[in-house]
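> Sharing a structure below in structure tokens format, with a few things to ask.
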Amino acid sequence: MATLKLLIAVSIVYVVFLFCVAFAADRAARQGRGAWLRSPLIYTLSLSIYCTAWTFYGAVGFAARSGLEYLTIYLGPTLVMIGWWWSLRKLVRIGRAQRITSIADMISSRYGKSNLLAVIVTLIAVIGTTPYIALQLQSVSLSFAAFAETERGLVDAGAVQDTALYVALGLVVFTILFGTRNLDANERHHGVVIAIALEAIVKLLALLAVGVFVVWGLSDGIVHTLERIDASQIADWEVSPSRWTGLTLVSAAAFLCLPRMFQVMVVENEDEGHLRTASWAFPVYLMLISLFVVPIAAVGLEVMPTGANPDLFVLKLPLLAGQEGLAILSFLGGFSSATSMVVVAAIALSTMVSNHIVMPIWLRATGGTATISGDVRQVALLARRLSIAGIVLLGYVYFSLSGGGTALAAIGLVAFVGVSQFLPALMGGLFWRGATRTGALAGLCTGFVVWLYCLFLPSFGPGVLLPQSVFDAGPLGLGWLRPYALFGAEGMDSVVHAVMWSLLLNTAAFIIGSILSFPSPMERLQGAQFVNVFEHSRTAGSWSGGMAQSEDLLIMSQRIMGAREAQALFADMARRQGLSGYLPEPSPEFLERLERELSGSVGAATAHAMISQIIGRAAVSVEDLLAVADETAQIMEYSSQLEAKSEEQARTARQLREANKLLTQLSLQKDEFLSQVSHELRTPMTSIRAFSEILRDTSELGPEAQQKYSSIIHDESRRLTRLLDDLLDLSVLESGKVTLNTQSGRLGDMLDRAVAATSGDPGLHIIRETAQEDVWLTTDHDRLAQVFINLIANARKYCDAPEPRLTIQPRMQDGRLVVDFSDNGSGIAMADHGLIFEKFSRIGETKTSGAGLGLAICREIMARLGGTISYLPGQKGATFRVVLPVETRLAAQ
Amino acid sequence: MGKLVLLIEDEPNIIEAISFILSRDGWEVKTHSNGHDAMDVVRARRPDLVILDVMLPGRSGFDLLGDIRGDAALEALPVLMLTARGQRKDREMAEAAGVNRYMTKPFSNADVLEAVRDLVRE
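Protein sequences, first through last, are from chains E and U. Per our numbering, numbering through the first sequence is continuous, rising by one, with the last residue being 961. Per our numbering, numbering through the second sequence is continuous, rising by one, with the last residue being 211.
Given below as structure tokens:
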């Protein structure tokens with residue numbers, strides 16, 4: 069009893085430890101520390117999620133049943149890793165260049181960003197992975213049961229299922245916590261990766277420890293162990309060349325195609341160079357983990373009672389020998405193998421399900437455009453979290469329905485053959501320009517159906533999903549359609565049979581479909597991008613700078629990437645084009661970059677669809693096609709030079725146009741300025757003169773009238789003074805002769821002052837985030853408060869909402885203080901964005917009391933304080949953004 | 090009963106000053122303070138003289154002057170334009186549009202009174 073309790077305690081401590089490690093790694097990565105998180109060693113260890121509970125427990129079972137054949141499962145991946153230069157390098161390069169988020173995204177991207185293809189791949193992946201997740205849950209609960217059994221005799225099935233449920237729930241929590249922190253699936257999940265790497269070490273150590281114990285503890289060293297192996301039935305194995313070839317092929321294919329392998333190998337890859345290390349280090353890992361499989365199997369067969377499940381030898385041998393500590397270590401090894409696989413598989417599949425199934429449906433349901441309403445980010449994250457829970461629980465349901473009877477290795481192989489169906493479309497897409505979407509669809513569907521019929525359905529046993537009669541005589545008595553003897557291929561091993569037919573028919577359908585069909589322009593472009601990834605470095609020029617609305621694009625991107633990231637991207641692109649502000653010209657480069665960034669979050673197909681909705685053009689232009697067709701180096705070189713030149717010219721022209729527009733506006737404004745100054749000065753002077761003449765010339769004025777008229781004179785002379793002060797202030801600021809009175813103070817206090825100074829009119833409701841205002845600034849307080857007062861007063865004057873509200877939102881961004889003043893009015897028309905900071909520019913016909921100098925003064929003040937003030941487009945109302953340098957010193961009291 | 094002067098001006102203090110000066114001289118003064126519906130008021134009141142500001146909310150004094158001169162019934166209505174825009178081209182524009190008298194702000198009260206008397210006597 070003590071052991072079982074100890075086991076539970078150790079498991080919980082281990083899980084808590086994993087949480088802590090993942091949390092610490094995530095935090096280190098976010099703070100920019102932890103370069104070791106991105107080392108090739110971690111990458112190699114993360115690849116070891118290939119070795120699941122199937123490897124940990126099942127390999128021994130496999131060896132006990134079929135001898136050395138278990139080695140094929142390691143041989144396939146080893147060959148792939150050794151040959152990394154030819155396939156993996158290309159896969160990783162494309163994955164990074166195109167910001168691929170999953171294997172479904174990869175295949176869909178290659179074949180013209182087809183979402184149908186992505187949906188099919190996702191479905192196959194879910195169907196192929198569910199049994200595998202069930203297998204992991206089964207292995208954890210069986211190993212628990214093994215402990216319980218040695219103490220209390222037989223354990224009822226209910227308890228086993230309970231264990232599986234708890235494990236499944238725990239995994240869902242872990243995966244959601246660390247797998248859906250960022251929306252951008254293309255970003256590395258550092259916490260998850262480091263946890264996997266740690267588990268990789270634990271499972272290797274555990275298996276080695278059990279092996280050492282078996283060889284030197286249960287036997288008397290190597291020689292004795294070899295004798296025992298010779299004596300066991302493992303020595304009688306027969307080499308079946310067809311099974312060896314088939315299993316090696318299928319494990320190599322699965323290594324490339326398994327969603328979880330694709331996730332760690334391509335999506336989480338930080339640096340292509342890591343492959344170089346992994347190419348030898350990972351085979352070494354596989355060799356070490358398979359080293360003691362045969363001794364454990366041989367000794368187990370000899371020592372354990374006949375009929376004992378060989379899948380549990382790794383656990384039961386130490387238990388039988390009373391080595392509880394070793395047994396617990398062995399349990400942790402199996403636990404690690406199972407959990408790491410489920411976590412990564414759930415992340416990979418949830419990305420696919422949410423990007424290719426949930427998001428497209430949601431986008432369509434909400435009217436087809438992302439600019440409508442709601443926060444796409446939240447929806448996508450929610451979709452991903454629900455998918456994780458759904459996928460893991462689906463595995464649990466499969467486990468409890470299937471009863472967990474089948475041998476571990478058998479389920480594993482069924483799943484391997486299932487995902488191998490991606491291979492022709494994937495590899496064909498990488499190396500053959502002629503491969504088309506139609507071909508890929510035909511191949512995938514054919515392979516999937518054959519796998520379903522020949523391997524998946526029969527794997528439940530005769531009479532469960534397929535009736536016995538189908539096995540014996542074929543459906544409707546058609547003998548050539550028997551699931552284990554398709555087209556009369558009798559006497560073959562069922563797995564080899566399924567591998568042969570599914571991959572053969574899949575490849576044939578893929579090739580024939582590709583040859584017979586005609587690729588769409590987008591497929592041609594993407595095909596060229598993928599096949600020639602090492603020659604091209606930029607992506608297909610699929611966008612032409614049409615009349616895209618940059619502001620709409622910004623609104624959409626903010627919803628998907630988050631406001632801060634989207635604004636940074638737009639501002640950066642605008643700067644590169646030589647423009648100021650947040651709205652770049654919709655040039656092809658900008659749109660391509662935007663599409664790549666978005667596809668990191670929602671997948672290529674969806675990103676493409678969203679942008680084309682706004683740009684109003686999804687097709688590929690003739691120039692794009694010509695660029696693909698005339699690929700001789702010279703022409704490419706020449707045309708790219710021309711392109712660069714004409715782009716240069718276009719950019720210069722754009723800048724000139726921009727400058728000219730501003731100059732014309734400025735010259736108009738110069739005239740207007742004089743006229744304005746004249747008007748603004750003369751108006752108060754008129755009242756002053758008129759009333760002073762009245763006071764002088766009218767003898768019979770009552771004291772009341774005298775009082776009234778003299779106060780008008782007084783008020784108007786003050787108005788005149790204020791105007792003169794403003795003009796003077798502006799000219800001092802503009803000439804740069806201003807002296808700043810710099811001192812240290814709290815942002816909140818300056819805002820308090822500004823709000824108090826403008827509290828004359830109760831109509832405007834001001835919303836503040838006092839918690840964020842605890843920032844210390846060393847600046848000229850009066851000047852900064854002057855800017856704030858101006859912005860608040862403007863909101864009062866111009867916000868046209870029925871219940872005007874102003875939100876003041878400070879936060880730190882890249883070491884600078886950003887304060888956004890956003891009201892809920894109708895904002896400022898785009899044509900006026902460039903003008904509002906100019907002198908006397910009261911936009912529109914609004915007749916309000918200001919002279920139109922406020923924002924011009926604000927702009928000058930901010931420039932003197934080393935900051936900026938700008939109008940932020942694409943928000944709901946008018947938003948002004950004040951940016952200030954700050955000493956990163958929070959008020960600590 | 091004095092003759093009717095319609096003052097179209099948006100600055101409250103200036104309205105008050107002119108009203109005071111003219112009322113004391115025996116004129117009846119009506120005021121209106123925006124350009125949007127100023128024409129309706131001109132047609133309804135049928136004043137003997139209009140004093141017109143240039144920068145008005147809605148429509149400018151130049152627009153209103155154009156409308157007055159374009160209306161056959163109002164062709165002969167004397168218009169005195171008072172403006173804070175003192176540039177020469179503004180005066181030229183006003184004269185081209187058919188103004189009877191053009192004065193820049195700030196003005197002397199006596200000048201305004203004299204101009205009003207002149208214009209109505211003509």
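In this text, a Cβ means the ideal position worked out from N, Cα and C, and glycines have one as well.
1. Should Q166 of chain E go down as buried or exposed, given a rule of 16 or more other Cβ atoms within 10 Å for buried?
2. If the criterion is Cβ atoms closer than 8 Å, does the pair F602 of chain E and G496 of chain E meet it?
3. Mind pulling the beta strand (DSSP E) runs of 3 or more residues that sit fully within the region 864-943 of chain E?
4. May I have the straight-line CA-CA distance separating M372 of chain E from L385 of chain E, to the nearest angstrom?
5. From what residue to what residue does the alpha helix (DSSP H) around S134 of chain E run?
6. Give the straight-line distance between the Cα atoms of H901 of chain E and Y939 of chain E, rounded to the nearest whole angstrom.
7. With a cut-off of 8 Å, does the C-beta of A162 of chain U fall near any C-beta of chain E?
8. Taking 8 Å as the threshold (beta carbon to beta carbon), is E841 of chain E in contact with chain U?
9. State the Cα-Cα distance for the pair R814 of chain E and E841 of chain E, rounded to the nearest angstrom.
10. For M144 of chain U, write down the residues that DSSP places opposite it in a beta bridge.
11. My assumption, with CB atoms under 8 Å, is that R873 of chain E sits in contact with I835 of chain E. Please give the rounded CB distance.
12. Between R174 of chain U and chain E, is any beta-carbon pair separated by less than 8 Å?
13. Mind listing which residues of the region 732-748 of chain E have their C-beta closer than 7 Å to chain U's C-betas, in chain order?
14. Secondary structure at P136 of chain U, three-state DSSP: helix, strand or coil?
15. With 8 Å set as the bound, which would you pick, yes or no: does the beta-carbon of R757 of chain E sit closer than that to a beta-carbon of chain U?
16. With distance defined between alpha-carbon atoms, name the residue in E:L554, E:D794, E:D868 nearest to N858 of chain E.
17. Starting from the Cα of I141 of chain E, find the closest Cα among E:Y118, E:E392, E:W152, E:I781 and give me that residue.
18. Is there a C-beta anywhere in chain U that falls below 8 Å from the one on A761 of chain E?
19. For the alpha helix (DSSP H) that M420 of chain E lies in, which residues bound it at each end?
20. What residues from chain E crowd round S197 of chain U, counting only those whose CB sits closer than 9 Å?
21. Whose Cβ in chain U lies nearer than 8 Å to the Cβ of M930 of chain E?
22. Might you give, ordered along the chain, the residues of its own chain that have their beta carbon closer than 6 Å to the beta carbon of K915 of chain E, omitting 5 neighbours on each side?
23. Just to confirm, are G155 of chain U and A133 of chain U a CB contact at a threshold of 8 Å?
24. Within 8 Å (strictly less), CB to CB, does M182 of chain U reach chain E?
25. Whole-angstrom Cβ separation of S512 of chain E and A493 of chain E, contact assumed at under 8 Å?
26. In terms of DSSP beta bridges, what is I834 of chain E paired with?
27. Sort E:V411, E:G893, E:L383, E:V382 by Cα distance to Q458 of chain E and report the nearest one.
28. Any beta carbon of chain E sitting closer than 8 Å to that of E100 of chain U?
29. Could you spell out the range, first to last residue, of the alpha helix (DSSP H) harbouring I264 of chain E?
30. In whole angstroms, what is the alpha-carbon distance linking R932 of chain E and D640 of chain E?
31. Using a Cβ cut-off of 8 Å, which residues of the region 102-119 of chain U contact any Cβ in chain E, in chain order?
32. Using DSSP's beta-bridge definition, name the partner residues of I76 of chain E.
33. How about L208 of chain U and L171 of chain U: are their beta carbons less than 8 Å apart?
34. What number of angstroms, rounded off, separates the C-alpha of L74 of chain E from the C-alpha of I479 of chain E?
35. For P752 of chain E, which of E:V843, E:E784, E:A861 has the nearest alpha-carbon?
36. Which stretch, first to last residue, makes up the beta strand (DSSP E) that contains F555 of chain E?
Walking through what the data contain:
1. buried
2. It is not a contact, given that the beta carbons lie outside the stated cut-off.
3. Those beta strand (DSSP E) runs which fall completely within the region 864-943 of chain E and span 3+ residues are 873-881, 884-891, 936-939.
4. 8 Å
5. According to the DSSP assignment, S134 of chain E belongs to the alpha helix (DSSP H) that extends over 127-134.
6. 7 Å
7. no
8. E841 of chain E does not count as touching chain U.
9. Spanning the two alpha carbons is a distance of roughly 8 Å.
10. According to DSSP, M144 of chain U bridges with nothing at all.
11. 6 Å
12. yes
13. S743, S746, H747
14. In this structure, P136 of chain U counts as coil in the three-state DSSP scheme.
15. yes
16. E:D794
17. E:Y118
18. The question names Ala, but residue 761 of chain E is Glu in the sequence shown. For E761 of chain E, the answer is yes, since a Cβ of chain U falls inside 8 Å of its Cβ.
19. 392-421
20. R757, A758, E761
21. Simply none; closest approach about 31 Å.
22. In this prediction, K915 of chain E scores a pLDDT of 42, lower than 50, which makes its location untrustworthy; no coordinate-derived value is stated.
23. no
24. no
25. As written in the sequence, residue 512 of chain E is Leu, which differs from the Ser given in the question. Going by Cβ atoms, the distance from L512 of chain E to A493 of chain E rounds to 6 Å, so yes, they are a contact pair.
26. E:L874
27. The displayed chain sequence assigns Gly, not Gln, to residue 458 of chain E. Minimum Cα distance to G458 of chain E is reached at E:V411.
28. Yes, E100 of chain U counts as interfacial toward chain E.
29. 258-280
30. Those two C-alpha atoms are separated by around 23 Å.
31. N102, I103, E105, A106, I107, F109, I110, R113
32. Beta-bridge pairing links I76 of chain E to no other residue.
33. Cβ atoms of L208 of chain U and L171 of chain U: not closer than 8 Å.
34. Their Cα atoms are separated by approximately 31 Å.
35. E:E784
36. Note, F555 of chain E: premise wrong, no beta strand (DSSP E); not H, not E.
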